[in-house]
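Asks: Residue numbers (this note's numbering): 143 to 352.
Please find one structure pasted underneath; my questions will follow.
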């Protein structure tokens, strides 16, 4: 009886050690993907020092001496907090989800390419004022600064899905990505789209005063 109790105790200790080791590894792995939200960060591309203060809700407040650095920092902070959403939605907007999700996403990709958000965004980009274009360029520089210094630890979602290292390498962010992303956001907020289509159909058939 004592031998059995001793064996059970040894097994319990082994299971406990293995469990703690697994928990420690999992915590360390996911912890690497958390963004740095305090202290100093050296970032190549800024023209002057920038201050980012996060309030008690985690919302960043950016203080920069010039527009370039303001939009640069905004891109960097957005990538810190939301790069998974940014990457996922830019793939939605370009009809490229199947590249990472497989054949299940092909129908969605075909639909979105037919709608043409990416094409429309490219046309808009070509007509932007230089000032707006410069803001988009600075924002993209900030996003890319974060990507380049956080390879393999871009976000918790990437880590949990195994999209790190050799299995996944995000493309550089571009102004076109930002404009396309805005199309996806507009689509996501389209709660009255069916009503608008119905009204347009009625107006076309019965006149604008119908």
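The C-beta atom is built at its ideal place from N, Cα and C for all residues, glycine as well.
Specify the secondary structure class of residue 203 as computed by DSSP and reduced to three states.
Replies: Your numbering for residue 203 matches position 61 in the chain shown. Of the three classes helix, strand and coil, the one that applies to residue 203 here is strand, per DSSP.
Asks: Return the CA-CA distance between residue 248 and residue 240, expressed in angstroms with no decimal places.
Replies: Within the chain shown, numbered from 1, the residue matching residue 248 stands at position 106. Within the chain shown, numbered from 1, the residue matching residue 240 stands at position 98. Answer to the nearest angstrom: the Cα atoms are 6 Å apart.
Asks: Based on the DSSP secondary-structure assignment, which residues constitute the bridge partners of residue 195?
Replies: Along the chain shown, one-based indexing puts residue 195 at 53. Bridge partners of residue 195 according to DSSP: 203.
Asks: Quick one: which unbroken alpha helix (DSSP H) runs of 4-plus residues sit fully inside the region 235-282? Chain order, please.
Replies: 240-243, 248-257, 259-268
Asks: Output needed for residue 316: all residues of its chain with C-beta closer than 8 Å, excluding positions within five of it in sequence on either side, in chain order.
Replies: On the chain shown, position 174 is the one that residue 316 refers to. For residue 316, where only same-chain residues beyond five positions count, the Cβ hits under 8 Å are 282.
Asks: Measuring CA to CA, which of 293, 312, 261, 211 is closest to residue 278?
Replies: On the chain shown, position 136 is the one that residue 278 refers to. It is 211 whose Cα lies nearest to the Cα of residue 278.
Asks: So, helix, strand or coil for residue 317, using DSSP?
Replies: Within the chain shown, the letter at position 175 stands for residue 317. Per DSSP, reduced to three states, the secondary structure at residue 317 is helical.
Asks: Got a sec, what are the start and stop residues for the alpha helix (DSSP H) residue 338 sits in?
Replies: Taking the first residue of the chain shown as 1, we reach residue 338 at position 196. From DSSP, the alpha helix (DSSP H) with residue 338 extends over 335-348.
Asks: Run through DSSP, which three-state label would residue 332 get?
Replies: Looking up residue 332 in the chain shown gives position 190. In this structure, residue 332 counts as coil in the three-state DSSP scheme.
Asks: Just to confirm, is the Cβ distance from residue 284 to residue 218 under 7 Å?
Replies: Locating residue 284 in the chain shown gives position 142, counting from the first residue. Locating residue 218 in the chain shown gives position 76, counting from the first residue. Cβ atoms of residue 284 and residue 218: closer than 7 Å.
Asks: Using DSSP with H/G/I as helix, E/B as strand and the rest coil, what is residue 185?
Replies: Within the chain shown, the letter at position 43 stands for residue 185. The answer is coil: DSSP assigns residue 185 none of H, G, I, E or B.
Asks: Buried or exposed for residue 208, going by 16 or more other Cβ atoms inside 10 Å?
Replies: In the chain shown, residue 208 corresponds to position 66, counting from 1. Around the beta carbon of residue 208, a 10 Å sphere encloses fewer than 16 other beta carbons of the protein chains shown; the residue is thus reported as exposed.
Asks: Using 10 angstroms around the beta-carbon of residue 163, count the other beta-carbons present and answer buried if the total reaches 16, otherwise exposed.
Replies: The residue you call residue 163 lines up with position 21 of the chain shown. Confidence is the limiting factor: at residue 163 the pLDDT is only 41, short of 50, which leaves the residue's position unreliable, though a coordinate-based value still follows. Answer is exposed; the Cβ neighbour count stays below 16.
Asks: Just to confirm my understanding: we take residue 197, look at its own chain, exclude 5 residues before and 5 after, and list those with CB closer than 7 Å. What are they?
Replies: Translated into positions along the chain shown, residue 197 becomes position 55. These residues qualify, in order along the chain: 203.
Asks: Can you grab the Cα-Cα spacing for the pair residue 331 / residue 252, in whole Å?
Replies: Mapped onto the chain shown, residue 331 falls at position 189. Mapped onto the chain shown, residue 252 falls at position 110. Roughly 21 Å separates the two Cα atoms.
Asks: For a quick check, are the C-beta atoms of residue 215 and residue 206 less than 7 Å apart?
Replies: On the chain shown, position 73 is the one that residue 215 refers to. On the chain shown, position 64 is the one that residue 206 refers to. Yes; because the gap between Cβ atoms is below 7 Å, this pair is in contact.
Asks: Spatial neighbours of residue 180 within its chain, please: C-beta separation below 7 Å, excluding the five flanking residues on both sides.
Replies: The residue labelled residue 180 in the question sits at position 38 within the chain shown. Answer for residue 180: no residue qualifies.
Asks: Skipping 5 residues on each side, what residues in its chain have a beta carbon closer than 6 Å to that of residue 255?
Replies: Locating residue 255 in the chain shown gives position 113, where the first residue counts as 1. Within the same chain, residue 255 has close Cβ partners 237.
Asks: Which term fits residue 334, buried or exposed, when burial requires 16 or more other beta carbons within 10 angstroms of its beta carbon?
Replies: Residue 334 sits at position 192 when you count from the first residue of the chain shown. Exposed is the call here.
Asks: Leaving aside the five residues before and after residue 318 along the sequence, list all residues of the same chain whose C-beta is less than 7 Å from its C-beta, in chain order.
Replies: Here residue 318 is taken as the residue at index 176 of the chain shown, counted from 1. If we look at residue 318 and ignore the five residues flanking it on each side, its Cβ neighbours are 263, 264, 267.
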